[in-house]
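The structure appears right after this line, and notes come after that.
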Amino acid sequence: MEIFYSKDIEGNVCRLDPDESAHCIKVLRHRKGDMISVIDGKGSLMECRIVSDSPKGAEAEIVKVTNDWGTHPYRLHMAVCPTKNNDRYEWFAEKACEIGVDSIFPVIGEHSERKIFKTARTAKILVSAAKQSLKGRVPDIHEPVSVKDFILSTAANATGGPLKLIAYCFEDQSHPRMSIKEALHGIERMAAGTDHDGKSSSLPEIYIMIGPEGDFSHEEALLAIGHGFIPVHLGASRLRTETAAVTAVEAVYFHYME
Numbered sequence: 004m005e006i007f008y009s010k011d012i013e014g015n016v017c018r019l020d021p022d023e024s025a026h027c028i029k030v031l032r033h034r035k036g037d038m039i040s041v042i043d044g045k046g047s048l049m050e051c052r053i054v055s056d057s058p059k060g061a062e063a064e065i066v067k068v069t070n071d072w073g074t075h076p077y078r079l080h081m082a083v084c085p086t087k088n089n090d091r092y093e094w095f096a097e098k099a100c101e102i103g104v105d106s107i108f109p110v111i112g113e114h115s116e117r118k119i120f121k122t123a124r125t126a127k128i129l130v131s132a133a134k135q136s137l138k139g140r141v142p143d144i145h146e147p148v149s150v151k152d153f154i155l156s157t158a159a160n161a162t163g164g165p166l167k168l169i170a171y172c173f174e175d176q177s178h179p180r181m182s183i184k185e186a187l188h189g190i191e192r193m194a195a196g197t198d199h200d201g202k203s204s205s206l207p208e209i210y211i212m213i214g215p216e217g218d219f220s221h222e223e224a225l226l227a228i229g230h231g232f233i234p235v236h237l238g239a240s241r242l243r244t245e246t247a248a249v250t251a252v253e254a255v256y257f258h259y260m261e
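Everything in the sequence shown is counted per my numbering, starting at 4 for the first residue and increasing by one.
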């Protein structure tokens with residue numbers, strides 16, 4: 004199934020950008036009158052008829068819209084420290100999108116080796132991953148913030164009592180870690196807030212924080228716990244940052260897709 008992406012939609016007409024147009028018209032040789040499938044990145048699949056087959060700016064008439072296409076029964080937000088090797092972070096973002104994630108927050112921790120992260124390339128990867136995995140919604144990729152600022156922002160902005168988890172490696176007797184499986188089974192909270200489009204949502208809202216190669220600092224972990232994050236572990240193996248992040252995404256997916 005060929006899937007295209009458009010964020011330029013007006014009435015019953017959608018327009019493909021130059022890259023999508025070139026792929027549609029030059030590579031796949033679609034012509035005026037052909038039917039194509041287009042996602043809007045917000046959750047909808049549109050069945051469209053091409054009305055202009057320009058390879059620099061194809062236009063199509065929207066014939067049918069399927070809402071909530073390829074969605075999952077939860078809202079997952081991953082706050083993951085950028086890896087030293089940027090390719091590993093991009094791999095995480097791609098796989099997380101394929102499995103099911105709603106937003107990705109690159110967070111910079113005290114022990115982070117990479118302090119600068121540019122989101123443009125990751126945003127393109129997420130579009131490709133959404134099309135490949137048959138999803139109408141493209142996950143949001145946010146601009147980098149510090150771990151501290153992210154923790155404080157969830158306390159200020161999250162509504163409806165989301166489940167907030169932080170995974171780290173060290174042991175702290177005063178704050179024992181539970182498995183992520185236990186956290187998901189035992190402490191589910193339904194978020195009664197709004198989604199990114201401002202619509203009412205009753206889907207469970209989950210935030211998960213994954214640290215850098217050097218792990219979160221004790222101070223960062225304590226700050227998170229003080230703001231409602233539950234300390235969890237992902238099993239006995241010591242995982243790379245990107246592996247831990249994908250494992251967490253899979254844990255949520257299998258929990259809700261059982």
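The beta carbon of each residue, even a glycine, is placed where N, CA and C say it ideally should be.
| Query | Result |
| --- | --- |
| Between which two residues does the alpha helix (DSSP H) holding L129 run? | 123-135 |
| Hey, out of G238, K98, T246, M49, whose CA is closest to F7's CA? | M49 |
| Are the CB atoms of E116 and P215 nearer to each other than 9 Å? | yes |
| Identify whether Y210 lies in helix, strand or coil by the three-state DSSP scheme. | strand |
| Please state the DSSP three-state secondary structure of A96. | helix |
| Short check: CB of P76 to CB of M212, under 9 Å? | no |
| I need the boundaries of the alpha helix (DSSP H) containing L31, first residue and last residue. | No alpha helix (DSSP H) holds L31; DSSP gives it neither H nor E. |
| Excluding five sequence neighbours on each side, which residues of the same chain lie with their C-beta closer than 8 Å to the C-beta of D105? | R78, L79, H80, R140, P142, D143, H199 |
| Would you decide whether P165 is buried or exposed? Buried here means 16 or more other CB atoms lie within 10 Å of its CB. | buried |
| Just mark A123 as buried or exposed, buried being the case when its beta carbon has 16 or more other beta carbons within 10 Å. | exposed |
| Is the Cβ-Cβ distance between G44 and K10 less than 9 Å? | yes |
| Measuring CB to CB, does I107 end up less than 9 Å from C84? | no |
| Identify every run of the alpha helix (DSSP H) within the stretch 18-69, keeping only runs that are complete inside it and at least 4 residues long; order them along the chain. | 21-24 |
| Would the stretch 234-244 count as touching the stretch 165-182 if we require 3 or more Cβ pairs under 8 Å? | yes |
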